[in-house]
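Undergrad: So that we are looking at the same thing, I have put the structure below in structure tokens.
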Amino acid sequence: MNITTLTSRARRELRAAAHPLRPVVLIGDQGLTLPVLKEIDLALKAHELIKIRASGQERDEREEMLARICAELACEAVHHLGKTLIVYRVGPQQRYAVEAGEPARAEKRKKEGPHTPKKLAAQGIVLKKTAAGRRPRKTQEAEEVRVFSSERTPRPTSRVGRSVKKTASRTIRKSALSLRSGARRRG
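In UniProt numbering, the protein residues as written are 1 to 187.
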């Protein structure tokens with residue numbers, strides 16, 4: 001498998017899926033040895049998508065290592081950033097299924113009806129569909145109308161014959177500190 005077999009979209013999705021992963025295999029100072037290749041192969045069989053940490057090498061050496069890993073283990077290079085290599089190989093579980101061709105476009109959601117603002121919906125008013133180009137009309141479909149707290153009538157008292165007490169209106173007095181001397185009213 002070559003690096004070009006993955007589409008850019010599939011590569012982006014795999015890179016996003018690998019973001020929270022931690023490096024599974026560490027390549028030390030001895031470089032890419034046979035035991036390291038076996039360990040990478042085992043990790044690819046177990047996880048399909050892995051991160052490899054290559055420490056102490058130059059960028060060109062890391063690119064050669066990545067090409068050798070992909071050639072010998074039949075896997076795909078997803079990303080190479082600094083000393084971190086991300087490698088993918090399709091496994092039997094297919095956790096990260098990627099499509100070879102162009103991805104299908106998502107279907108657009110169909111409108112179920114005209115938009116009804118929240119305040120009208122709370123009062124039970126529903127906007128009906130109309131002909132194209134005209135605005136929808138308000139209709140009163142719901143018999144039961146919701147009443148808000150500010151629109152409610154006062155509660156009846158528990159005692160018979162008494163009406164609801166009215167509170168005395170009180171004038172709001174200004175602070176004495178804000179008034180000039182002698183302008184303070186006595187009330």
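Every residue gets a Cβ at the ideal spot worked out from N, C-alpha and C, and that includes glycine. In this text, all values refer to a predicted model and were calculated from it rather than measured experimentally.
1. Rounding to the nearest angstrom, what Cα-Cα distance links Lys-51 and Gly-31 in this structure?
2. Express the C-alpha separation of Asp-29 and Thr-5 in angstroms, rounding to a whole number.
3. Within the same chain, show all residues whose beta-carbon is closer than 7 Å to that of Pro-103, passing over the 5 residues directly before and after it, in chain order.
4. Give the secondary structure of Arg-22 by DSSP, where H, G and I count as helix, E and B as strand, and everything else as coil.
5. Output yes or no for whether 9 Å exceeds the beta carbon distance between Val-87 and Glu-76.
6. Starting from Val-36 and walking both ways along the beta strand (DSSP E), at which residues does that stretch end?
7. Here's the rule: buried if 16 or more other CB atoms are within 10 angstroms of the residue's CB, otherwise exposed. What is Glu-48?
8. Out of Asp-41, Leu-66 and Gly-124, which one is the CA nearest neighbour of Leu-81?
9. Taking C-alpha atoms, which residue in Glu-64, Thr-84 and Pro-20 lies nearest to Leu-26?
10. In terms of residues, what are the limits of the beta strand (DSSP E) holding Glu-76?
11. Taking the continuous beta strand (DSSP E) assigned at Leu-85, which residues delimit it?
12. Please go through the same chain and pick out, in chain order, the residues whose beta-carbon is closer than 7 Å to the beta-carbon of Val-36, but skip the five residues on each side of it.
13. Where does Leu-14 fall in DSSP's three states?
14. Tell me where the alpha helix (DSSP H) around Leu-127 begins and ends.
TA: Concretely, from the data shown:
1. 16 Å
2. 31 Å
3. Its pLDDT being 46, under 50, Pro-103 is placed unreliably in this model, and the coordinates cannot settle the point.
4. coil
5. yes
6. Element bounds for Val-36: not the beta strand (DSSP E) but the alpha helix (DSSP H), 34 to 47.
7. buried
8. Leu-66
9. Thr-84
10. 76 to 81
11. 84 to 88
12. Val-25 and Ile-27
13. helix
14. That residue, Leu-127, is in no alpha helix (DSSP H); its beta strand (DSSP E) goes 125 to 127.
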